[in-house]
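As given, the protein sequences belong to chains A and B, one line each in that order. For the first sequence, my numbering begins at 1069 and goes up steadily by one. For the second sequence, my numbering begins at 1069 and goes up steadily by one. Below is one structure; the comments refer to it alone.
Protein chains: 2
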Amino acid sequence: MFIGIDIGGTNIKGVLTNRKGDIISFKKISTANNLAKIEYSICSLIKTLSSQKSGSKSIVKAAGIGSAGSIDTRKGIIITSPNIKSLNNYPLARKINKLTGLKVFLENDATAAIIGEWWKGNGRNFSNWIMLTLGTGIGGGVIINDQLFTGQSGSAMEAGHMTIDYKGKKCLCGNRGCLETYASATALVKLTRSKLKNHPSSTINKRIINDKLTSKIVFEEAVKGDLFAKDIFNEISFFIGIGISNLVNIFNPEAIILGGGLSKAHRLLLPNIKKVVAERALEGLKENVKFLTSMDFDKIAALGAAKITIDACK
Amino acid sequence: MFIGIDIGGTNIKGVLTNRKGDIISFKKISTANNLAKIEYSICSLIKTLSSQKSGSKSIVKAAGIGSAGSIDTRKGIIITSPNIKSLNNYPLARKINKLTGLKVFLENDATAAIIGEWWKGNGRNFSNWIMLTLGTGIGGGVIINDQLFTGQSGSAMEAGHMTIDYKGKKCLCGNRGCLETYASATALVKLTRSKLKNHPSSTINKRIINDKLTSKIVFEEAVKGDLFAKDIFNEISFFIGIGISNLVNIFNPEAIILGGGLSKAHRLLLPNIKKVVAERALEGLKENVKFLTSMDFDKIAALGAAKITIDACK
């Protein structure tokens, strides 16, 4: 048995799986904003999942962790994590190993997602494809000729930090105009807040309690038909379309697979994304791109983190 | 013996080479703006080069052509060529084959450049690296794990058509804010023209005859010390730096090699490019990138086109 953990900006998710990728158990908890609490959450998630296999003795061999940010996979260190600053330069793999006694492998969360999608998801039918994970931040992964491409030090495909407006908004990474400042779940909430005062009749207003607004609320109201909420998704999808056009022109891929929490709204996002790509990407490249969504938004990155561990323990 | 041709927006260049890559002869002529004339130029270049091998009988086996634009390499067709519109949807390989009797292979010019640099140039020491060709337009190529990456249909790495300002200048490709509208030789000339009237003391003014201004003139005046010309290169290098930051965040490469005519100005461009990348690209990725220039700006793409032909004729 193996455990896979996916640390997102909003939730920490965990799966217990066997070598074949059958998910025995799945749990998720909110992400704390404090390092000690995040570690405690991971350990308690590992403990809960380890005890899930009833009927037989559960032997968990190792755990894989996918985290946002640039990762030194060999050392198990998070180099920088723009959305969870407390994890910068943190030897997370060693820490969790000390606390649980398990072997621990660390990987970028978008890389974990693409490995999950490649192993058990919608990536199985393509040789050259891109995964874009739309969550608190935006991550990416790319499969080239049936192989995961990781770059010289394992940090490739930071697609969320691609500049789409060189004089644009300041990003947490230090750059300006990064895709994720326009098209992540965080950007969606900021955009909604900034425009909401001009839309007093939007049903989003009734959903805000204690000033707390989430992308999930905007999504639910858009699905119910709130025009302002729909407009927000339209605007966000425009920026996702710009980012994907760049990736199409750079990678000439067979398919783009959208993952991450925000991609649950694919019915609201995809029509305009496709329109923007048709308008912006180059002829000869854009015509043959297929658009898909993750097979399982919630579990795929955690499953991919488990797969990395399974392969590392062979 | 093999011939390699590089059709650029400004010049058409040709080399005659043996299988080992020794250049026996090199010629260049201006690019006409008319399809019949371009074909005539290519044929006369092939004829001149074919007759260059004195002392022994020159047997030219085949010719490789590198052209700007997205290319269908199997069919030998230029699908779209934003900078030389008359070549759109044109079966160039078949045409030149009919006119010369030689076997002809067609490839994207930036791909030809990276193959040349990989075979005989500064790419030999790296496994994961990018070539950015700065000319009339901007092209790119990428070597991943010692292999050329071409995408699903051979059109990958159209780095010049990466949006760096989504509401920016209209590009010839139909998109807005493409890197090449800010950082190509064409963009440099436009920028110089638009600002020159406010700089009557610039020595560039004395170099303009019949309203003809080229990037070469701006380069030469910058080298001589004209402050306005230097400012122009500074501004252009800022945009090249933005584009390279994106490529660093996406590919996590070992090296960036600058090619194309404009990269002859690398001494003017590189200091600011490096500064922008240090400010903008992600930590963990930007520290280990080496910056180099093409081993031979003029000949490398033509040599690469010949190499493609040598490999295809094996």
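Using N, Cα and C, we set each Cβ at its ideal position, and we do this for glycine too.
Using three-state DSSP, classify residue i as helix, strand or coil.
i       : result
A/L1202 : strand
B/L1084 : strand
B/L1360 : strand
B/F1384 : With chain B represented from 1069 up to 1382, any question about residue 1384 of chain B goes unanswered, as that position is not in the structure.
B/T1249 : helix
A/R1244 : strand
A/T1148 : strand
B/N1320 : coil
B/L1216 : strand
B/S1010 : Shown here, chain B extends from 1069 to 1382; a query on residue 1010 of chain B therefore has no answer.
A/T1108 : Note on identity: in this sequence residue 1108 of chain A is Tyr, with Thr being the wrong assignment. A/Y1108: helix per DSSP, three-state reduction.
A/D1177 : helix
B/K1280 : strand
B/D1294 : coil
B/D1383 : The question about residue 1383 of chain B has no answer here: the residues shown for chain B are numbered 1069 through 1382.
B/T1116 : helix
B/V1210 : strand
B/I1089 : Inspection of the sequence shows that residue 1089 of chain B is occupied by Gly rather than by Ile. In the structure shown, B/G1089 sits in coil (DSSP, three-state: anything other than H, G, I, E or B).
A/K1342 : helix
A/V1128 : coil
A/K1265 : coil
B/S1195 : coil
B/I1232 : coil
B/S1221 : coil
A/G1327 : strand
B/K1171 : strand
Measuring alpha carbon to alpha carbon, tell me which residue in the options is nearest residue i.
i       : options                               : result
B/L1353 : B/L1330, B/F1319 and B/A1373          : B/F1319
A/K1274 : A/T1168, A/S1195, A/A1297 and A/K1342 : A/A1297
A/K1292 : A/T1271, A/D1279 and A/F1301          : A/T1271
B/K1163 : B/A1380, B/D1379, B/I1146 and B/I1152 : B/I1146
A/N1196 : A/G1082, A/I1133 and A/A1323          : A/A1323
A/G1209 : A/G1372, A/C1381 and A/L1117          : A/G1372
B/S1118 : B/E1248, B/T1201, B/G1137 and B/I1091 : B/I1091
A/T1282 : A/F1307, A/S1252, A/N1302 and A/S1269 : A/S1252
A/K1235 : A/I1308, A/I1073 and A/C1246          : A/C1246
B/D1364 : B/G1076, B/G1327, B/I1110 and B/E1226 : B/G1327
A/I1110 : A/L1295, A/G1329, A/I1073 and A/S1138 : A/I1073
B/G1309 : B/K1280, B/A1227, B/I1277 and B/C1381 : B/A1227
B/S1221 : B/T1231, B/A1104 and B/S1138          : B/S1138
A/P1321 : A/K1129, A/I1198 and A/S1098          : A/I1198
B/T1383 : B/D1299, B/I1232 and B/I1378          : The shown model of chain B, from 1069 to 1382, leaves out residue 1383 of chain B, and the question about it has no answer.
Can you name the residues of chain A whose CB is closer than 7 Å to the CB of residue i?
i       : result
B/F1217 : I1212
B/G1205 : Ordered by position in chain A, no residue passes the 7 Å Cβ test against B/G1205, which lies about 12 Å from the chain.
B/L1337 : Here the premise fails: no neighbours, minimum Cβ distance about 17 Å.
B/G1328 : None at all; the shortest Cβ gap to chain A is about 18 Å.
Is it right to say residue i is buried, meaning 16 or more other beta carbons lie within 10 angstroms of its own, or is it exposed?
i       : result
A/G1219 : buried
A/N1193 : exposed
B/G1169 : exposed
B/K1188 : buried
B/R1348 : buried
A/K1367 : buried
B/K1237 : exposed
A/K1332 : buried
B/E1355 : exposed
B/I1127 : exposed
B/P1268 : exposed
B/D1177 : buried
A/L1084 : buried
B/I1277 : exposed
B/A1346 : exposed
List the residues of chain B that residue i touches, going by C-beta distances under 9 Å, in chain order.
i       : result
A/H1267 : Here the premise fails: no neighbours, minimum Cβ distance about 23 Å.
A/S1138 : N1320, L1350, E1351, G1352 and L1353
List the residues of chain B whose Cβ lies closer than 7 Å to the Cβ of residue i, in chain order.
i       : result
A/A1224 : I1318, F1319 and N1320
A/N1314 : M1230 and T1231
A/Y1234 : I1232, D1233 and I1310
A/N1196 : G1219 and Q1220
A/A1227 : I1318
For residue i, which residues in chain A fall below 8 Å Cβ to Cβ?
i       : result
B/R1348 : T1231, G1242, N1243 and R1244
What in chain B is Cβ-close to residue i, meaning under 8 Å?
i       : result
A/S1149 : The contacting residues do not exist; A/S1149 stays about 11 Å from chain B at best.
A/N1356 : Q1220 and S1221
So which residues on chain A does residue i lean against when the C-beta distance must stay under 9 Å?
i       : result
B/L1174 : Under the 9 Å cutoff, chain A gives no residues; its nearest Cβ is about 13 Å from B/L1174.
Using a Cβ distance threshold of 8 Å, determine whether the segment 1356-1364 of chain A contacts the segment 1327-1344 of chain A, with at least three qualifying pairs required. Put simply, the segment 1356-1364 of chain A touches the segment 1327-1344 of chain A. At least three CB pairs are less than 8 Å apart.
Quick test of the definition: if touching needs 3 or more C-beta pairs under 8 Å, does the segment 1155-1165 of chain A touch the segment 1235-1252 of chain A? With a cut-off of 8 Å, the segment 1235-1252 of chain A and the segment 1155-1165 of chain A do not count as touching, because too few Cβ pairs lie within range.
Quick one: any contact between the segment 1165-1183 of chain A and the segment 1130-1144 of chain A, if contact means 3 or more CB pairs under 8 Å? The segment 1165-1183 of chain A makes contact with the segment 1130-1144 of chain A: 3 or more CB pairs, one atom from each, lie closer than 8 Å.
How do the segment 1243-1257 of chain A and the segment 1278-1292 of chain A stand: do at least 3 beta-carbon pairs fall below 8 Å, yes or no? Under the three-pair Cβ rule at 8 Å, the segment 1243-1257 of chain A counts as touching the segment 1278-1292 of chain A.
Spell out a yes or no on whether the segment 1309-1317 of chain A and the segment 1210-1217 of chain B are touching, meaning 3 or more CB-CB pairs, one atom from each, closer than 8 Å. As far as the Cβ criterion goes, the segment 1309-1317 of chain A does not touch the segment 1210-1217 of chain B, which means the pair count is below three.
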